[in-house]
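Only one structure is covered here, and it is reproduced in the block below.
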């Protein structure tokens, strides 16, 4: 498998290098779909310039990246393009290894279940074979590296690529069962963009499962592991934050990064749901609706963790997609990360219901973004409502996609327990209805 | 959400849609066409009304007295033009200065990619002269433009005269809160392009021009004037700009309101308005007017000097004087008053014109069809594509009846990415060739064939287009054996979705172009399969291809203009239309040629490919 992977990496690097050298680079790095005020490369450059002048990069309202990123680019700013390509390759490599490991575990678990005769007889066609699972890791890497969304955000030098790389490292170390590294990378990801905080739940669930500790609140070793993990997570977060403080010598960055993420002062249009709503709203409702909008990201953690407590990797996928839909400054790069997980769930395809509709919607809306932007900003003939309508379509499509996968996953689990061909009590064929 | 989650209802709906797919598609197509034809029926349209408060409720008194003197200036201008044999720059500068304007000149030069045979120009050199009348009452942050082009020959002299007369008159007015810029541009649109690029410090088309030394505020609105005679019978309003962009409807309303006030006969698309909408001839007049607008908008070219302003977010229109054999004539004084009134009202604007519609079609000057009315007509056509795609999707994913056949079926149902990718890549490469070759290879073509450069470009374009049909599109057979049944279905699914998205995006930017393309390409996309009779469908496919659509459009346009042409003349016109389209792209950045060459034509080739799948 090394050869195809190398080939894929070469192809990905070639495409990116070609785009870096074309005139499209400037065009892409100005697109609001690809860069957000948090991740724009222009702003990083601005912050670097301020830093070099001995001014705090957070004075003024331009730079909103974290201090570690600016110090990283302080050293590698001349190799920025290489850094971003490397970040993409790291992400893809990590996802590749993580998915490979995960598939091995899935297969092992399935073997045990088969040996223990836990599956109903008519479910044999739901059993996954190693043959179909063989290419999944490669497909995941391909979905990430060749996804136009990833390519665009890499060419735009959006720091979103770095965030994705950190999250991918976190996923890899979690799946490998490494408590410390998982906590460290998660704290880094949280430090970078706050929202990955919600990944604590799946990480904990996975690590518990990995060490064969049942989720039982009365067991001391359950609490011991949770405490250990939270301590490591909190500790490394503290270390990183303090490190930033010592680097800059001020706490400016807290309000400028996390305050900026949470209170959404920049209403530049993007593919998210915030900007239009908050631009239209009366000022005295703002705080209330901020809470309502922000709580979306965090709120689903509880019900999803309860429902998916045996399937933490699927939970990670769900959480990543929820973050990328509901975060305050989303870009297409965020979506690319969770979209790259889709090949892992190929066995759910027979239960998906709206995949045709959703792919049409995603395709159409991603192409309509630039068209409506042109009509609004350049031609002046359309207005923000047109653009926001497409944003809504894009997000509805994403939500439909995720809920479809969620439904399919649950349904497969249901079939694995109760048999594939469900019968009613009177013997007629039953159908499952989601209400 | 019941429909998305309840499997029984979903199945029922999908069954209905797949079983009745063909009839529904036919009904949709007919309904779309009927809906479009119904748009110009007066009860279905909206009456125009002034949305902008600043222009609606204020009173303006027009007092421009000096029509005769303006015409005399025009004669003087004509004499100087004739003497010099081009634009009398010095005379213009002197005259404008004498009228109290700040005068500046800008020279520009541009070599066309190939000679323009319609206007007989290749290496263009010229000078724009413009005078700024500084606003006496406000901080000069905004400006209005009045332009008239200095055309070769005996044309447009009266317009320049009237422009200078108005400049002199406005100089003595105290009302103006915006800078007034009087621009005389040479070589019509090329000069206009140079001036606008100079004014806004952009260079999008690689033209050489000298920077402007004097500038006013940001331009809010502009009018271009075309007058070829001392008296006119009617004034025609031209709205269509680059890429089918239209100015805000309020500008048209303003023109109409003043024509009413001064009882000047006014037309749009050269068609007089009729009051008998319920008679057949009244309706057909409205249809003709709207069709003309649709054809002009679809062409994507600027139909007057105002066309390039729209790109810079400036509302602009051209006012054209028409002198026919009617009895009641309008003299220059009245036209001057009309312009005075329009400028006084535009001067009252507090912000850019934005209240009224930007997406509209006009069956007459007093009625319009807004986007909410005409988009359903397009939507009905586009939904056919989605229905066909749904049908194909259902055919592709319908689970096989028995479990044992699954493995085979899966192997068959994944026809390999290659067999889809190869037709896609080949047809797009053909598109790239159609885009690049004509202009690149004109010199070579001129060396080897006895044709002029322009002919070489056009004929190369036609040759590449035709060669695309003969290309071995079925290369996928060489690679992965005989085209499978599933293979063409997947390819058609891709092509149909591609076309749907493409037409949708086009219709948003330029409704007319999108609608005309949809009208011809949707039937092709809907019916073509490898199993229909080859010869007949190949003929139909060619008949409905983009190039033939253009040919029919040329004849149809002539028919609408009431200037029908013979086939021979029509063909010559067709060739010149192609060369003009290519020139518009290179000179002004019109998007129609690249759109057709790089996207629509490859998409059509995909359907051609499906027809010859086996």
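Chains as they are written, first to last, in the working numbering: chain A, 1 to 435; chain B, 1001 to 1614. Note that the Cβ used here is the ideal one computed from N, Cα and C, for glycine as well.
Got a sec? Which residues, its chain only, sit under 6 Å from residue 1330(B) by beta carbon, not counting five neighbours each side?
1232, 1264
Span of the beta strand (DSSP E) around residue 1362(B)
1360 to 1364
Looking at chain A, is there any beta carbon in it that lies within less than 8 Å of the beta carbon of residue 1150(B)?
no
Tell me, to the nearest whole angstrom, how far the beta carbon of residue 1499(B) is from that of residue 1385(B); I am working on the premise that it is less than 8 Å.
6 Å
For the region 328 to 356 of chain A, list every residue whose C-beta sits within 8 Å of some C-beta in chain B, in sequence order.
350, 353, 354, 356
Got a sec, what are the start and stop residues for the alpha helix (DSSP H) residue 417(A) sits in?
384 to 418
Can you list the residues of chain C that residue 123(A) reaches, using a CB-CB cut of under 9 Å?
Although the question refers to chain C, the structure presented lacks it and instead comprises the protein chains A and B.
Please identify the residue among 66(A), 297(A), 98(A), 154(A) whose C-alpha is closest to the C-alpha of residue 325(A).
297(A)
For residue 1030(B), tell me which candidate among 1518(B), 1562(B), 1578(B), 1558(B) has the shortest Cα-Cα distance.
1518(B)
Within 8 Å, do at least three Cβ pairs link the region 1277 to 1295 of chain B to the region 1550 to 1561 of chain B?
yes
May I ask which residues mark the beginning and end of the alpha helix (DSSP H) holding residue 1260(B)?
1249 to 1261
Determine the direct distance from the alpha carbon of residue 1461(B) to that of residue 1111(B), and round the result to whole angstroms.
21 Å
Under 8 Å between C-beta atoms of residue 23(A) and residue 41(A):
no
Compute the beta-carbon to beta-carbon distance between residue 1142(B) and residue 1220(B), rounded to the nearest angstrom, for a pair I have assumed lies under 8 Å.
5 Å
Sufficient close CB pairs (3 or more, under 8 Å) joining the region 1300 to 1314 of chain B to the region 1017 to 1036 of chain B:
no
Would you give the residue range spanned by the beta strand (DSSP E) that residue 1318(B) belongs to?
1315 to 1322
Residues in the region 1233 to 1246 of chain B having any Cβ partner in chain A nearer than 9 Å:
1243, 1245, 1246
Members of the region 1355 to 1371 of chain B near chain A, C-beta cut-off 7 Å:
1358, 1359
With DSSP as the reference, please indicate the residues paired to residue 1266(B) in a beta bridge.
1235(B)
Chain A beta carbons: is any one of them nearer than 8 Å to that of residue 1521(B)?
no
Anything in chain A within Cβ reach of residue 1615(B), meaning under 8 Å, just list it in chain order.
Residue 1615(B) is absent from the structure shown; chain B starts at 1001 and stops at 1614.
Along the region 406 to 420 of chain A, what residues have a CB closer than 7 Å to any CB found in chain B?
none
Taking just the CA atoms, how far does residue 1360(B) sit from residue 1505(B)?
17 Å
On the three-pair Cβ rule with 8 Å, is the region 94 to 108 of chain A touching the region 67 to 75 of chain A?
no
Quick check on residue 272(A) - is its C-beta less than 8 Å from some C-beta in chain B?
no
is_contact[residue 1404(B), chain A] using C-beta, thresh 8 Å:
Below a pLDDT of 50, predicted positions are generally treated as unreliable, and residue 1404(B), at 43, falls in that range; no measurement from the model is reported.
Between the region 363 to 374 of chain A and the region 168 to 186 of chain A, can you find at least three pairs of beta-carbon atoms closer than 8 Å?
no
Residue 1205(B), enclosing alpha helix (DSSP H) - first and last residue:
Segment: none, residue 1205(B) is in no alpha helix (DSSP H) and carries neither H nor E.
By DSSP, does residue 1109(B) sit in helix, in strand, or in coil?
strand
Using a threshold of 8 Å, state whether the C-beta atoms of residue 1377(B) and residue 1032(B) are closer than that.
yes
Is the beta carbon of residue 1066(B) closer than 8 Å to that of residue 1165(B)?
yes
Minimum length 4: unbroken alpha helix (DSSP H) runs contained in the region 97 to 142 of chain A:
130 to 133
Leaving out five residues on either side along the sequence, give the residues of the same chain with a beta carbon under 7 Å from the beta carbon of residue 1131(B).
1096, 1101, 1102, 1103, 1167, 1182
Considering only C-alpha positions, which residue in the set 19(A), 26(A), 10(A), 56(A) is nearest to residue 244(A)?
56(A)
Touch test, the region 307 to 326 of chain A against the region 390 to 401 of chain A, Cβ-Cβ under 8 Å, three pairs minimum
yes
Please classify residue 1402(B): does DSSP put it in a helix, a strand, or coil?
The predicted model places residue 1402(B) with a pLDDT of 44, which falls under 50 and marks its position as unreliable, so this point remains unresolved.
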